[in-house]
Amino acid sequence: MSKQDHILTVEVLDQDGSTFTLREICERGECHAEFVIKLVDYGIIAPLEDSPEARQWEFDIAALSRLRKAQRLQRDLKMNLPGLAMSLELLDEVEEMRREVTRLNQRIRQLMGE
Amino acid sequence: MDFKDYYAVLGVSESASAEEIKKAYRKLARKYHPDVSKEEDADTRFKEVGEAYEVLKDPEKRAEYDQLRKYGAKADGSFEPPPGWQSGAGFGGGGYTEADARQFSDFFEEIFGGGRRGGFSDGFGGGFRQNMKLRGEDVHARIALFLEEAFHGCEKQVSFAVHEADEHGRVIPRQKTLKVKIPAGMREGQHIRLKGQGAPGVGGGEPGDLFIEVEFAPHPHFAVEGRDVLVTVPIAPWEAALGATVTIPTVGSKVNVKVPKGSTSGRKLRLKGKGFPGKHPGDQIVILQIAMPEKHSPEAEKLFEQLAEAEKNFNPRSKLHV
Chain Y
182 MSKQDHILTV EVLDQDGSTF TLREICERGE CHAEFVIKLV DYGIIAPLED
232 SPEARQWEFD IAALSRLRKA QRLQRDLKMN LPGLAMSLEL LDEVEEMRRE
282 VTRLNQRIRQ LMGE
Chain C
5 MDFKDYYAVL GVSESASAEE IKKAYRKLAR KYHPDVSKEE DADTRFKEVG
55 EAYEVLKDPE KRAEYDQLRK YGAKADGSFE PPPGWQSGAG FGGGGYTEAD
105 ARQFSDFFEE IFGGGRRGGF SDGFGGGFRQ NMKLRGEDVH ARIALFLEEA
155 FHGCEKQVSF AVHEADEHGR VIPRQKTLKV KIPAGMREGQ HIRLKGQGAP
205 GVGGGEPGDL FIEVEFAPHP HFAVEGRDVL VTVPIAPWEA ALGATVTIPT
255 VGSKVNVKVP KGSTSGRKLR LKGKGFPGKH PGDQIVILQI AMPEKHSPEA
305 EKLFEQLAEA EKNFNPRSKL HV
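Taken in order, these protein sequences are the chains called Y and C.
Everything in the first sequence is counted per my numbering, starting at 182 for the first residue and increasing by one.
Everything in the second sequence is counted per my numbering, starting at 5 for the first residue and increasing by one.
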């Protein structure tokens with residue numbers, strides 16, 4: 182049986198609460214801890230429990246995706262951290278609005294009986 | 005091999021200054037950045053723009069390119085470099101540090117890729133020495149699901165590119181295809197992980213993982229908000245006025261719903277637990293919409309006249325203050 186035919190069962194990350202420590206997120210993001218700390222300082226990504234009692238930071242998969250996006254934007258568009266923070270917030274907003282527009286268009290089509 | 009007109013890609017003239025080229029590049033890089041643009045070919049355009057800039061920003065490479073350009077693309081758009089062509093501005097001298105060489109076209113490779121064909125691995129990354137143990141790269145991909153697939157779970161084929169080193173230590177992209185079983189109840193924006201399905205490790209290092217983010221293809225009837233599924237259901241005026249039991253669609257099935265007497269357009273009915281399955285299943289929200297027949301029989305018209313008389317105090321435009 183070739184590899185393609187083999188059906189793999191996936192692990193749903195957002196449901197079972199898989200998280201990454203600071204060390205793991207650095208390893209997967211191929212970056213230094215300082216960079217992650219700066220992203221947290223600027224509110225670009227946030228650890229799951231940012232409380233004094235939390236012994237160490239834990240990040241979810243969404244934080245990892247965002248870290249990688251931040252890296253790409255920084256590398257490709259030569260952005261500094263405040264610019265990066267603002268761009269990512271605006272991109273989130275744009276994304277949310279795009280979804281809203283899609284939803285509303287769909288509602289309008291339904292109301293028009295199309 | 006197709007000739008690449010880097011000036012056209014950046015939208016500048018042949019005589020553009022270095023400053024103009026930089027400006028054009030920056031603008032297009034922002035426009036087509038795959039994290040910013042939703043255009044379908046953004047990724048390709050972004051790479052093209054990066055490749056064009058890589059050549060035109062470097063006076064040495066630009067001069068070589070200009071020369072080749074004069075030498076000429078053939079009428080059919082194809083291109084062959086002059087016999088014995090060798091770039092003096094290739095990888096070695098060109099400051100090839102920031103751009104990702106693996107992303108560039110065959111054309112670029114042919115013209116400036118001399119360094120890559122010979123001992124490219126020595127200079128690039130340097131991570132393939134035998135004594136080093138490196139974990140393989142994680143790969144991030146997206147998968148579009150139909151609502152029904154996400155709802156009930158499905159088997160799906162995913163294709164993605166992983167960068168692997170060949171026997172000479174050269175990094176080359178390889179297309180990989182896997183069949184994966186998507187569990188029921190996945191929602192948009194959720195991630196799944198396939199352990200060890202990313203790029204292979206180096207020197208005995210473990211392979212990276214594959215992360216897939218779920219997207220939904222638009223559905224003609226249903227919309228999704230969080231765990232809830234929304235559907236607009238048309239009902240007849242008499243069904244709204246008198247109440248009725250109507251059959252409505254749910255994802256992959258149908259169900260009978262009681263429309264309460266005296267319903268108005270826009271009224272929402274909540275079907276508990278008929279939304280996304282899971283530990284805390286969502287609801288299906290039915291939005292009622294009163295529909296009218298396009299034509300009425302003379303009898304119906306008479307009845308409407310009676311209705312108008314009986315309801316003459318009703319002003320549907322009271323909110324418009326008219």
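We treat Cβ as the ideally placed atom computed from N, Cα and C, and that holds for glycine.
Note that this is a predicted model, so its numbers are computed, not measured.
For Y:I242, at least one C-beta of chain C is nearer than 7 Å to its own C-beta. Annotated three-state conformation of C:V261 is strand, per DSSP. A distance below 7 Å between beta-carbons, with the five flanking residues on each side excluded, links Y:R284 to no residue of its chain. Taking the beta carbon of C:H172 as reference, no residue of chain Y falls within 8 Å; the closest one sits roughly 24 Å away.
In this structure C:V59 is in contact with C:Y69, their Cβ atoms being roughly 5 Å apart against a cut-off of 8 Å. The distance from the Cβ of C:Q293 to that of C:S269 is about 6 Å, consistent with a contact at the 8 Å cut-off. Along the stretch 169 to 193 of chain C, going in chain order, the ones with a CB nearer than 9 Å to a CB of chain Y are K180, T181, L182, K183, V184, K185, I186, P187, G189, M190, R191, E192, G193.
Using a Cβ-Cβ cut-off of 7 Å, Y:L254 counts as an interface residue toward chain C, since at least one Cβ of chain C sits closer than that to its own. Residue pairing of C:C158 in beta bridges, as defined by DSSP: C:I186. Taking 8 Å as the upper bound for CB-CB distance, C:P281 and C:G189 are in contact here, some 4 Å apart.
Under the three-pair Cβ rule at 8 Å, the stretch 137 to 152 of chain C counts as touching the stretch 191 to 210 of chain C.
Straight-line spacing of the CA atoms in C:R30 and Y:L258 works out to 7 Å.
Using a Cβ-Cβ cut-off of 7 Å, C:H300 does not count as an interface residue toward chain Y, since no Cβ of chain Y sits closer than that to its own. With contact defined as three or more Cβ pairs closer than 8 Å, the stretch 274 to 292 of chain Y and the stretch 220 to 239 of chain C are in contact. Note on Y:V282: under 16 other CB atoms within 10 angstroms of its CB, so exposed under the neighbour-count rule.
Interface annotation, Y:T190: in contact with chain C, CB-CB separation under 7 Å. Think of a sphere of 8 Å around the beta carbon of C:Q293: the chain Y residues whose beta carbon falls inside it are Q291, L292, in chain order. Between the alpha carbons of C:K258 and Y:L272 lies a distance of about 38 Å.
Not flagged as an interface residue toward chain C: Y:R204, since no C-beta distance is shorter than 7 Å. Counted as a single uninterrupted DSSP element, the beta strand (DSSP E) harbouring C:K272 occupies residues 272 to 275. Taking 7 Å as the cut-off, the Cβ atoms of C:L182 and Y:L189 count as close. Identification of chain Y residues near C:V40 by a Cβ-Cβ cut-off of 9 Å yields L254, L258, S268, L272, V275, ordered along the chain. In this structure, the CA atom of C:G279 is about 23 Å from the CA atom of Y:M278.
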